[in-house]
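With our numbering, letter number 683 in the sequence shown gets 683, and the count goes up by one each step, no holes.
Structure first, then comments.
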Amino acid sequence: MKPTPYSRPNTHIPANNLPAKLSNLTNLAYNLWWTWTPQIQDLFATIDETAWNEHHNPVKIVRKTSAARFDALVKDAEFMGAYKKACSMLDKELSRSTWLDKKYSQYSDKLIVYLCAEFGLHESLPIYSGGLGILAGDHTKSASDIGLPFIGVGLLYRNGYFKQEIDKTGKQISVYPKHDFSDLAVQEIVDSAGKPITVSVDLPDGPVKIKAWLCDVGRSVLLLLDTDFEGNSKKSRTITHQLYGGDREMRISQEIVLGIGGVRLLKKLGIDPDAWHMNEGHVAFSLFERTKNIMIEHELAFEEAAEVVTAATVFTTHTPVPAGNEAFSLPLVDKYFRTYTKELGIRTTDLLHLGLLENEDGDKYFSMTILALRLSCKANGVSKLHGLVSQKMWSHLWENVPATENPITSITNGIHAQTWIAPEISELYDRQLNGDWRKNLNNKKFWQQIKNIPDAELEKTSQVQKQRFIDFVRTRLKQQFTRNKLNKKLIASVDNWLDPDTLTIGFARRFATYKRATLIFSDLKRLEKLICNPKKPVQFIFAGKAHPADKDGQALIKRIWEVSQMPVFQGKIVILENYDMELGRQLVQGVDIWLNNPRRPQEASGTSGQKVPINGGLNFSILDGWWPEAFDGTNGWEIGTEAEYEDLKMQDADDAASLYEKFEKDIVPLYYGNKNGRTKWFAAVKSSIATVTPVFNTEAMVCNYFEKLYKYAIDRNKKTNEPDFAIARDLSVFKEILYENWPLLHCTSVDYAVKKNQLTVSAELYLGELEPEDIEVQLLYLYTKNGQELKEKFTLEPSKGKGSFTSSYKLEEKIPSHLRKVQPQLRVVAKHEETGQKIELGLMYIKDIG
């Protein structure tokens, strides 16, 4: 195993019945690399096929298999051969040369810490709820694949999110199973004496102790915090029970444990990251603890220490609507941080201002997103469109800066291909493609080979996957109906529900109202004609959870259930309960079309649809999230247009009409083909695979994060820390002077002339106590060409001024012909060589020149 830039903590693993010759089964079971390595999955299935099919949990198999069974396996030459091969594979994976080694070897010892409230790694480790967690899990896996030194920090939930049951009336029932951590792929972190290592945080009711568990994910590591143990009060023990459960006091307590407790754990373990990645605002309290540590250790003022923290921090926002961003009432934050602010050496009001948000109604809150944006050197949305939406939504943080120019950028989400790919199509790629597809995930040219796969091979593979999926669906439905004591005749009929030869549409996601799960039900008569066409039928499979407090979302589930039970739709529309990673894999591997119809632009990314193309399916989606970047007219279909509506009813009506029309005129005819076969359908499938797979995967995504965000933060962190934090001290003073003087800055005169192709500009500026090197003076041209908004910029240079109280700037330049009649703007932006981006400082002065 390669050395890491930190010392691995000591851990404790529960006892088992493994003989010495199979001792490395522990390493295989406790490293979630098996979740994307089929050979290791097959190995555990061989040990106990029944247990494997029931829970897909190697740790349970290792712990609960009898000594007699293991003794028998030791004598099984075929099994021992597979076992030794699996052990060798893991050893090679942990020691091989990686993308980072080959391209950025100077960063191979730079540690990235990634904080997130949930991680979706596998259904056997239920510490996720939906898209945020699945993305975090895929991110962690790909960090391992490309060789980033990477530690994730999260919470280990005793009950997880919730297990969903749907009763016989379509009502969602929330069930909270109590997980035994000894059955999970986590190891308790202990000291040299074998005792649990703990840290604590102070809450209004008293101190809360926190212990931690380690989870290996390939070469990546997760540290998971836990308060549910003896020594804590009954109330404190419940802090890490439910993901997104409880009231606002519970939520802020969880986020203090995660943010502040997570930083304290890392410090106690001697782990000093080179860059910090906050994945959503839930973890932003970590910024306060990091700032406090730097203040104490290096005798810096709060503002100076905050500059050090900012230099090493990047932030990803996932939420495209203001109401969806985490925020707390000001009295609640005051209650939980009044004592803590004294430790920071600041007033509580200073802390509250760092996250202050006022909504349109005049209500004021503490926004975790605003806090994260203020104290990060880089921030991003999760698709290009979401980046633009986020720039607009948070534009008030950068005074006078046009929204499209503020520092929020975007890196589009992807998927961990090896986690989500079906075994059948994986084997097809192995047979048909020239080279290992796993080593060519980002190679667009490689994936063009898809077009050479015979249609018959693709069709055969698709049908096998589909039949497996339908068998899975029937089994799940019968279990659900039996539990609900439905009619035995109905239960027996489930074996005839769904048809692998029928066009199959999947719709599965969190049941928030903006995702419009029931849009397809807008016209039931038209839907009936679509579904019940005797020659070209269609079938729909739904799945998804609504938050236990979201009554509107639960009403959508009930409506889908009711429609699915109408005699005309029974067996052709089904809704499955408990949408988890297992069901998610089955869905994306078994459907022909992935349907996605949120209200634009409220879908940040929508990564579920990205999992379908590599499995041979197609997307049919609103042009929202990632789909506008991927859709090219040959690889799927769009619903509606890119228009944004004020009248939501009109938007729903227009999108529903588009949805039906595309199904009727394009999708259904293409699927069933004509007398010449289904050539056009498979051309679309191949285009989908070839265009989506090499672009929208997390290997490419994490490489982007490293090159655009992590690398910058690592470099800036190093520079800011040396020597003696001089840059942080200087930047803190500079900002104080800048914010005092910026309201005084203005242009006292400007001369602008264009003669033929020669441009001459001179400007006089009053700067107050600022120096000319503190600003950049720009001439900006904004114009439209072919419907696109374009801009061109020139920079004015300082020159000898007219008077001692103003500063002069001048520009002499040849001007392109297309700009001669465009009226420009004179813009002044603050700058500092260490801020990276001039507009990071959030100040801009604009004067129109007319």
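Glycine included, every Cβ here is placed at the ideal spot set by N, Cα and C.
Look at the Cβ atom of residue 701, then the Cβ atom of residue 142, and state whether they are nearer than 8 Å.
Indexing the sequence shown from 1 puts residue 701 at position 701. Indexing the sequence shown from 1 puts residue 142 at position 142. Contact: yes.
Based on Cα-Cα distance, which residue from 610, 168, 92 and 462 lies nearest to residue 424?
In the sequence shown, residue 424 corresponds to position 424, counting from 1. Per the Cα distances, 462.
Rounded distance between the beta-carbons of residue 74 and residue 19, thought under 8 Å:
Here residue 19 refers to the residue found at position 19 when the sequence shown is read from its first residue. Here residue 74 refers to the residue found at position 74 when the sequence shown is read from its first residue. Contact flag correct, Cβ pair sits at about 6 Å.
Coil, strand or helix - residue 186 by DSSP:
Along the sequence shown, one-based indexing puts residue 186 at 186. Three-state DSSP puts residue 186 in coil, outside helix and strand.
Of all the options 221, 474, 393 and 419, which has the alpha carbon lying nearest to the alpha carbon of residue 30?
Here residue 30 refers to the residue found at position 30 of the sequence shown. Among 221, 474, 393 and 419, the Cα nearest to that of residue 30 is on 221.
Could you please give me the residues that DSSP links to residue 327 through a beta bridge?
Along the sequence shown, one-based indexing puts residue 327 at 327. Residue 327 pairs with 367.
Proximity of residue 560 and residue 620 at Cβ, strictly below 8 Å:
Sequence index remark: in the sequence shown, residue 560 carries index 560 (1-based). Sequence index remark: in the sequence shown, residue 620 carries index 620 (1-based). No, these two residues do not count as a Cβ contact at 8 Å.
Counterpart residues of residue 781 in DSSP-defined beta bridges:
Residue 781 sits at position 781 when you count from the first residue of the sequence shown. According to DSSP, which records beta bridges pairwise, residue 781 is partnered with 792.
For residue 469, count neighbouring Cβ atoms within 10 angstroms of its own Cβ and tell me buried if that reaches 16, exposed if not.
Start at 1 with the first residue of the sequence shown, and residue 469 comes out as number 469. When all chains shown are included, residue 469 counts as buried.
Option nearest residue 429 by Cα separation, candidates 599, 532 and 616
Taking the sequence shown and counting its residues from 1, the one referred to as residue 429 is at position 429. When each option's Cα is compared against that of residue 429, the closest is 616.
Check whether the Cβ atoms of residue 208 and residue 239 sit closer than 8 Å, and answer yes or no.
In the sequence shown, counting from the first residue as 1, residue 208 sits at position 208. In the sequence shown, counting from the first residue as 1, residue 239 sits at position 239. For residue 208 and residue 239, yes; Cβs fall inside 8 Å.
Measure the C-alpha to C-alpha separation of residue 40 and residue 364 and round it to an integer number of angstroms.
Looking up residue 40 in the sequence shown gives position 40. Looking up residue 364 in the sequence shown gives position 364. So the alpha carbons of these two residues sit roughly 52 Å apart.
In the DSSP assignment, the alpha helix (DSSP H) including residue 41 goes from what residue to what residue?
Counted from its first residue, the sequence shown places residue 41 at position 41. First-last of the alpha helix (DSSP H) with residue 41: 38-47.
Count the other CB atoms, across all protein chains shown, that sit within 10 Å of the CB of residue 650; report buried if there are 16 or more and exposed otherwise.
In the sequence shown, the residue the question calls residue 650 occupies position 650. Exposed: under 16 other Cβ atoms inside 10 Å.
Range covered by the alpha helix (DSSP H) that runs through residue 553
What you label residue 553 is simply residue 553 of the sequence shown in a count that begins at 1. Counting along the chain, the alpha helix (DSSP H) containing residue 553 begins and ends at 551-564.
Taking residue 131 as part of the alpha helix (DSSP H), name the residues at either end of that continuous run.
Here residue 131 corresponds to residue number 131 of the sequence shown, with the count starting at 1. Taken as a continuous stretch (DSSP letters only), the alpha helix (DSSP H) holding residue 131 covers 131-146.
Taking residue 366 as the reference, give the member of 381, 386 and 327 with the closest Cα.
The count along the sequence shown starts at 1 and reaches residue 366 at position 366. When only C-alpha atoms are compared, the closest one is 327.
Please confirm whether residue 788 has its beta-carbon closer than 8 Å to some beta-carbon of chain D.
The displayed structure is made up of one protein chain only, and chain D is not part of it.
On the criterion of 16 or more Cβ atoms from any shown chain inside 10 Å, does residue 717 qualify as buried, or is it exposed?
Locating residue 717 in the sequence shown gives position 717, where the first residue counts as 1. It is buried - the Cβ of residue 717 has at least 16 other Cβ atoms within 10 Å.
With a 10 Å radius around its C-beta and 16 neighbouring C-beta atoms as the bar for buried, classify residue 525 as buried or exposed.
Walking along the sequence shown from the start, residue 525 turns up at place 525. With fewer than 16 other Cβ atoms within 10 Å, it is exposed.
Could you tell me whether the region 573-586 touches the region 526-544, using the rule of 3 or more Cβ pairs below 8 Å?
yes
Quick one: what does DSSP say residue 422 is sitting in, helix, strand or coil?
Taking the first residue of the sequence shown as position 1, residue 422 is located at position 422. Residue state, collapsed to three classes: coil.
How about residue 688 and residue 635: are their beta carbons less than 8 Å apart?
Against the sequence shown, residue 688 aligns to sequence position 688. Against the sequence shown, residue 635 aligns to sequence position 635. Yes, these two residues count as a Cβ contact at 8 Å.
State the start and end residues of the unbroken beta strand (DSSP E) segment that holds residue 356.
In the sequence shown, residue 356 corresponds to position 356, counting from 1. Per DSSP, residue 356 belongs to the beta strand (DSSP E) from 356-358.
Would the beta-carbon of residue 536 fall within 8 Å of that of residue 672?
Within the sequence shown, the letter at position 536 stands for residue 536. Within the sequence shown, the letter at position 672 stands for residue 672. Yes, they are a contact pair.
Coil, strand or helix - residue 165 by DSSP:
In the sequence shown, counting from the first residue as 1, residue 165 sits at position 165. Residue 165: strand per DSSP, three-state reduction.
So, at 6 Å on beta carbons, what are the nonlocal neighbours of residue 453 in its own chain, with the 5 sequence-adjacent residues on each side left out?
The residue you call residue 453 lines up with position 453 of the sequence shown. Answer for residue 453: 432, listed in chain order.
With a threshold of 8 Å, are at least 3 pairs of Cβ atoms found where one atom belongs to the region 160-180 and the other to the region 725-736?
no
Among 129, 82 and 149, which residue has its Cα nearest to the Cα of residue 107?
Within the sequence shown, the letter at position 107 stands for residue 107. Of the candidates 129, 82 and 149, the one whose C-alpha sits nearest the C-alpha of residue 107 is 149.
Secondary structure at residue 677, three-state DSSP: helix, strand or coil?
Working through the sequence shown from its first residue, we reach residue 677 at position 677. In this structure, residue 677 counts as strand in the three-state DSSP scheme.
Cβ-Cβ separation, residue 447 to residue 690 (assumed contact under 8 Å), whole Å:
Translated into the one-based positions of the sequence shown, residue 690 becomes position 690. Translated into the one-based positions of the sequence shown, residue 447 becomes position 447. Confirmed, about 5 Å.
Would you mind working out which of 564, 56, 137 and 692 sits nearest residue 633, comparing C-alpha positions?
Indexing the sequence shown from 1 puts residue 633 at position 633. Here the closest residue by C-alpha is 692.
Residue 191 to residue 7 span [Cα, whole Å]:
For the purposes of this step, residue 191 is taken as the residue at position 191 of the sequence shown. For the purposes of this step, residue 7 is taken as the residue at position 7 of the sequence shown. Answer to the nearest angstrom: the Cα atoms are 13 Å apart.
Within its chain, find whatever has a CB closer than 6 Å to the CB of residue 571; leave out the 5 residues flanking it on each side and keep chain order.
Position 571 of the sequence shown, counted from the start, is the residue given in the question as residue 571. Correct list, in chain order: 497.
Cα separation between residue 659 and residue 95?
Locating residue 659 in the sequence shown gives position 659, counting from the first residue. Locating residue 95 in the sequence shown gives position 95, counting from the first residue. Using only the alpha carbons, I get a separation of about 50 Å.
In DSSP terms, what residue 844 is bridged to:
Translated into positions along the sequence shown, residue 844 becomes position 844. BP columns for residue 844 point to 829.
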